[in-house]
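Notes to accompany the following structure.
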Amino acid sequence: MSVFSVAFYFVFAGNLLTNWGILPGAENDTDKTRPWISILLFVGLAVPAAVADYIVFRSLLMPLGLESLIPITFTLILFLLYYLATMLTKALGGRSLGVLSSSGHALPLSLALYAAALASTATVNSLMLVMASAASAALGFASASIFLRDILDRMALENLPENLRGQPVRFMSAALMALAFSGIDAAFFSRLVV
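Going by my numbering, the sequence shown opens with residue 1355, and the numbers climb by one from there.
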């Protein structure tokens, strides 16, 4: 799978989650006074989850020949950290984290889509690179979601033909964003490798 296809799948999946109202950072999921709390929580949980996943991968999965389970273990670790953070916040402050929708499933559903991005950390031999990879992937996912929402807000002001309204314009916007993100990603990593 190429970098372009991975970027496309994640932006498109984020697009669908935004449409369904379950993506962290969506207007109905975030307190207006703290708009970045869900993104900080998302990145803050992704980094320790990637570190734990790296340790589990190197010490347990790789010796047993179960390398293909790395996205599943990352998802489980990320869910565990999220629910621990939720329980601690409620126990200490009596408030929720402010990222759950009324259905109560905002962040966990979007974390599963993000998990496969960390499968590439299996080839990295440095814990610092794993942490940087997790933080940059989480920030990329969150920023792509926010940019897409802003693009769609702008498109709502335009007089689009009827057959382009709704899902077609969302799909095209997500595809163009994925193309831009994969180009930036390729340019950045080509300089690092050379």
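We treat Cβ as the ideally placed atom computed from N, Cα and C, and that holds for glycine.
From a predicted model like this one, the values you see are computed outputs, not experimental measurements.
- Between the region 1484-1492 and the region 1392-1406 there are three or more inter-stretch CB-CB distances shorter than 8 Å, so the stretches are counted as touching.
- When Cβ pairs closer than 8 Å are counted between the two stretches, the region 1413-1423 is seen not to touch the region 1497-1510, the count staying below three.
- Around the beta carbon of Leu1395, 16 or more other beta carbons sit within 10 angstroms, so the residue counts as buried.
- If you check the CB distance, Asp1407 and Phe1428 come in under 7 Å.
- By the Cβ neighbour-count rule, Tyr1437 is exposed, with fewer than 16 other Cβ atoms within 10 Å of its own.
- Judged by DSSP secondary structure, Gly1447 falls within the alpha helix (DSSP H) whose first and last residues are Ile1424 to Gly1447.
- Looking from the CA of Arg1503, the closest CA among Phe1525, Leu1514, Asn1517 and Ala1489 belongs to Phe1525.
- With fewer than 16 other Cβ atoms from the protein chains shown falling within 10 Å of its own Cβ, Leu1518 counts as exposed.
- Shown here, Gly1398 sits in a helix according to DSSP, grouped into three states.
- In the three-state reduction of the DSSP assignment, Asn1517 falls in the helix class.
- For the 7 Å CB-CB criterion, Phe1411 and Ile1431 do not form a contact.
- Judged by their CB atoms, Ala1491 and Val1397 are not nearer to each other than the 7 Å cut-off.
- Spanning the alpha carbons of Asn1513 and Ala1498 requires a straight line of approximately 24 Å.
- As the crow flies, the alpha-carbon of Leu1414 is around 20 Å from that of Leu1435.
- Residue burial annotation: Ala1528 is buried, with at least 16 other C-beta atoms found within 10 angstroms of its C-beta.
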